[in-house]
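These protein sequences, in sequence, are chains A and B.
Note that full-length UniProt numbering numbers the first sequence so that position 122 is 122, with each residue one more than the last.
Note that full-length UniProt numbering numbers the second sequence so that position 289 is 289, with each residue one more than the last.
Note that beta-carbon positions come from the ideal geometry of N, C-alpha and C, so glycine has one too.
All values reported here derive from a predicted model rather than from experimental measurement.
Number of protein chains: 2
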Amino acid sequence: WQNKGDLHNIRQVVFNNVAESLAAAKVLKEAGLRVVVLEARDRVGGRTYTGPEFQYVDLGGAYVGPTQNAILKLAKELGVQTYLINEKEKLIHYVKGKTYPFQGLFPPVWNPIAYLDYNNLWRTIDEMGEKIPAEAPWTAAQAVQWDNMSMKELFDKLCWTRLTRDFATLFINVNVTSEPHEVSALWFLWYIKQCGGTKRIFSTSNGGQERKFIGGSGQISERIAELLGSCVRLNEPVIKICQKDTAVFVETISGGKYEVINAVPPGLTMKVHYDPQLPSVRNQLIQRVPMGSIIKCMMYYKRPFWKEKDYCGTMMIEDEDSPISMTLDDTKPDGSYPCIMGFILARKPVHYEEKDWCGEQYSGGCYTAYFPPGTFCQFSRVLRQPFGRLFFAGTETATKWSGYMDGAVQAGERAAKEVGWDLHWQSEGCRFESHKIRPIKSTFWEKHLPSVPAFFTVLGVSTAFTAAVLGIVTLKKTSNVVLQ
Amino acid sequence: WQNKGDLHNIRQVVFNNVAESLAAAKVLKEAGLRVVVLEARDRVGGRTYTGPEFQYVDLGGAYVGPTQNAILKLAKELGVQTYLINEKEKLIHYVKGKTYPFQGLFPPVWNPIAYLDYNNLWRTIDEMGEKIPAEAPWTAAQAVQWDNMSMKELFDKLCWTRLTRDFATLFINVNVTSEPHEVSALWFLWYIKQCGGTKRIFSTSNGGQERKFIGGSGQISERIAELLGSCVRLNEPVIKICQKDTAVFVETISGGKYEVINAVPPGLTMKVHYDPQLPSVRNQLIQRVPMGSIIKCMMYYKRPFWKEKDYCGTMMIEDEDSPISMTLDDTKPDGSYPCIMGFILARKPVHYEEKDWCGEQYSGGCYTAYFPPGTFCQFSRVLRQPFGRLFFAGTETATKWSGYMDGAVQAGERAAKEVGWDLHWQSEGCRFESHKIRPIKSTFWEKHLPSVPAFFTVLGVSTAFTAAVLGIVTLKKTSNVVLQ
């Protein structure tokens, strides 16, 4: 590992159960190295999985969009094409039994106070994100303070109306498959920021859900696996990594033994026994990054009845009795197999598919790991830190679209780079030639409208009066929570 | 497993790296079953470890006290005796560079407003605890609400003075080796409750730190291991558990294969690969229970200089620059090897011992696992739930003194019981014959003094005025946090 020449003399072992290993393996093999991919499951693809039902169905990671250049470049190279998610007709905002059709990114808000509140929420999340460096979130000026509070606590401080608060909760549920009280504010703000902000991450058109792959996202991993051929070993969970002076030995559950280099995602590295032990901070890190919880469901219908009613299939659902918060049209690009992704009440569906990611021991859950309050600041700084000859990938270690397939590819390629070889790839990838990335813009009003408390101050309401109102609210909340 | 007769025909395999396995194994062996203990480390004892320095030194779990009947009974049976921790002289409360000697359980508070606040804090924690069933915390009326907030949030609501807030933080640090913002309020309130309340858990005399074992706590596991003889296999981390219709197969890293029953603590069961996979909820549970973070330090001195100054060696330290919050005298019972446990600034020590539990892959950390906000309600209900022929022990699964050696013994014995054999042990253990358990009492004033907001109301300060003051505080906090 002292010089590049060494690399040609040793076998490269890249393992674990996600697309990033394949991306790293591909890069390393193209550079002329010997590579082995040790896959825990009986299939490649990890948190992506394309089932065979109804031509094909993406039961795991599926969506891609503008600025996700790493995955888009890789897909193009492998000859996998994308198609646009249907968003021609109206979207639906469903709140407590009522349906509100709308068009645009976020559901419109008509109550002027609620609108100020709503506008201020998105603006503040994005402004706070701007203060968090994507590559080193622990260096933000307010890092410790923000990390020590949950998003629920931030919403307690930011949101003045119920409407905004409820939609903010849905925004967390949908983006990181967890609850506002479970996640560190620093982590969530960083997460939104490194995806390009509230609008980019949440949008279908011009955002994270703009497209899917024709034939399914599983093809990406399958095609790389084909290129790698016999280098990919299925059903080989790694159980032990032993680093000696002369080499690194990797042992699998079937008794296989391999030498050197690994790219492993965080939490699930608990499955491996280490000799020597991991450093203290990493040993504690890997216990603190649980995976989100999600069951992905598909409902197939004879006809796309929603389109006939001028709805595109997108629903944002605010209802405590509804197990899912968001749906999207999942009809095939040629219009066949009309389908809604997400759980909805049965309306004579012809077929139902679901995938419970929570039960997968080699995924742990989906989409991605989250950081509970108080953990991100301390542990994020070691996420990508190599331990001896052990290098770490996983979409969780990415600095752009972390949590997405794009982050997985970035992480895999970065890990391959760390092995010590300058592979001269085009780090930013290439863009869709057929597709313009539209920048995300804020309107004058979005930028300059006051927040709710600022609005009342502007109105000339005396501070004392406002304070009194707030004070009563505070007292009420305190007694409710503690003494009931 | 259909009837008791079966049990005699199969080999019992009890594993993992903590004292509870040994307790379970002992019980099962005494009942005439064949037992194997698979120990991941090169020693028994898990989170207890008695080193050989200065006669002996407890570098892990060490303290026992009244009501810990399971461990006390086991120790008595094994012939291991206890001695009292020195608390004859004054304790020290150290706040921001100043030393305040005191006697009694908690440091005294002289400011009357702060005293009301302080008194109200302990009272409220205990009252909330009374509403949480030790065996089924998720059934508490307020379970979800309390679980979704961190102890930091509860302190935000409860504490009106800085003094109380700071000591409350120390109380969390010392009892569960984590920070107020990291832990679920429901979990922490349950934890204190199942140890007998704020006074019992925090006290030296008549509390959790009353005694240590003469010769060290490690003897408990060592003596059981002696009784079990060759049944205990060291250096045998379990890597795979395969449950078939006919039997359960357990595989270790050295290639050993064993049949049937296991008692495993939570988080670290991530180290095992399961076939079939664990149920979804348990698969997610084991990613959500990180171990606390602690380094235990011992400083040895020529003379017990603190006693000469009329201090017993107990220090409660509130100072952000101090890495540890609590010290206790760790001198041997015969007065030899004067020693302070905990990190203190060097004053010509003759020897220094420390143990960093965070780096141990087969402990993960110490003393115990904690539950971040939002996890306890959902996941605590499956903590003790068997999966097929797999049973779960670990001090984390206990319902009394969970997190302590006592909870470990209770959990091990309970798991042994679940195997299906009525072993007729005395479930509540026996008490120290030489020692009276004094009940924990509250004084009239502790029960009836008002809280700070109630006091101001009593004083006749108008609600509007109080509210205005609070309101300003709220506004200030909001702007600080969000906009700075």
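Rounded to the nearest whole angstrom, the CA to CA distance from Glu320/B to Ser205/B is 28 Å. When the alpha-carbon of Val35/B is set against those of Glu308/B, Ser203/B, Ala24/B, the nearest one is in Ala24/B. The bridge partners DSSP lists for Gly51/B are Val57/B. Using a CB distance below 7 Å, the part of the stretch 280-314 of chain A facing chain B consists of Ser280, Asn283, Gln284, Gln287, Arg288, Pro290, Met291, Ser293, ordered along the chain. DSSP places Leu228/B within a helical segment (H, G or I) once states are collapsed to three. For Lys199/A, the three-state secondary structure derived from DSSP is helix. A distance below 8 Å separates the beta carbons of Glu318/A and Tyr94/A. At least 8 Å separates the CB of Leu383/A from every CB of chain B. Among the residues of the stretch 143-167 of chain B, those with a Cβ less than 9 Å away from any Cβ of chain A are Gln145, Trp146, Asp147, Asn148, Met149, Ser150, Lys152, Glu153, Leu154, Asp156, Lys157, Leu158, in the order of the chain.
Within the same chain, Cβ atoms closer than 8 Å to the Cβ of Arg414/B are found at Arg384, Ala393, Thr397, Ala398, the five residues on either side in sequence being excluded. For the stretch 171-183 of chain B, residues whose beta-carbon sits nearer than 7 Å to a beta-carbon of chain A comprise Glu179, His181, Glu182. DSSP lists Met299/B, Asp329/B as the beta-bridge partner residues of Ile340/B.
Only buried fits Arg223/A, as 16 or more other CB atoms lie within 10 angstroms of its CB. Any Cβ of chain B closer than 8 Å to the Cβ of Tyr274/A would place that residue at the interface, and such an atom is present. A Cβ-Cβ distance of about 6 Å is found for the pair Cys195/B and Gly208/B, placing them in contact under the 8 Å criterion. Under the 8 Å criterion on CB atoms, Pro133/A is classed as non-interfacial with respect to chain B.
Leaving aside the five residues that flank Ile340/A on each side, the residues in its chain whose CB is nearer than 7 Å to its CB run, in chain order, Met299, Gly313, Thr327, Asp329, Asp330. Using beta-carbon distances, Lys240/B counts as an interface residue toward chain A, with a partner under 8 Å. Counting the other CB atoms within 10 Å of its CB gives Lys193/B a total of 16 or more, which places it among the buried residues. Following the DSSP letters along the chain, one finds Gly313/A inside the beta strand (DSSP E) bounded by residues 311-318. In this structure, Pro133/A lies away from Ser380/A, with their beta-carbon atoms at least 8 Å apart.
Scanning the stretch 35-110 of chain B from its first residue to its last, the whole beta strand (DSSP E) runs of 3-plus residues come out as 82-84, 90-95, 98-102. Residue pairing for Thr252/B: DSSP places it in a beta bridge opposite Val238/B. For the options Met270/B, Met291/B, Ser293/B, the alpha carbon positioned closest to that of Asn283/B is the one of Met270/B.
The contact set of Leu278/A on chain B, defined by CB atoms closer than 7 Å, consists of Gln361 in chain order. 8 Å or more divides the Cβ of Leu105/A from the Cβ of Thr164/A. Here Ala141/B is exposed, its C-beta having fewer than 16 other C-beta atoms within 10 Å. Of the candidates Ser322/A, Pro112/A, Leu227/A, the residue whose Cα lies closest to the Cα of Val37/A is Leu227/A. For His181/B, no alpha helix (DSSP H) segment is defined, and its DSSP state is neither H nor E. Taking 8 Å as the upper bound for CB-CB distance, Cys377/B and Ala143/B are in contact here, some 5 Å apart. Boundaries of the alpha helix (DSSP H) around Phe379/B: 376-379.
Among the residues facing chain A, Ile253/B is included, as its CB has a counterpart in that chain under 8 Å away. Within the same chain, Ala40, Ile253 come within 6 Å of Pro237/B by CB-CB distance, once the 5 residues on both sides are set aside.
Among the CB atoms of chain A, one or more fall inside 8 Å of the CB of Lys271/B.
When DSSP reads this structure, Ser150/A sits in a beta bridge with Ser184/A. Within 10 angstroms of the beta-carbon of Arg438/A lie fewer than 16 other beta-carbons, which makes it exposed.
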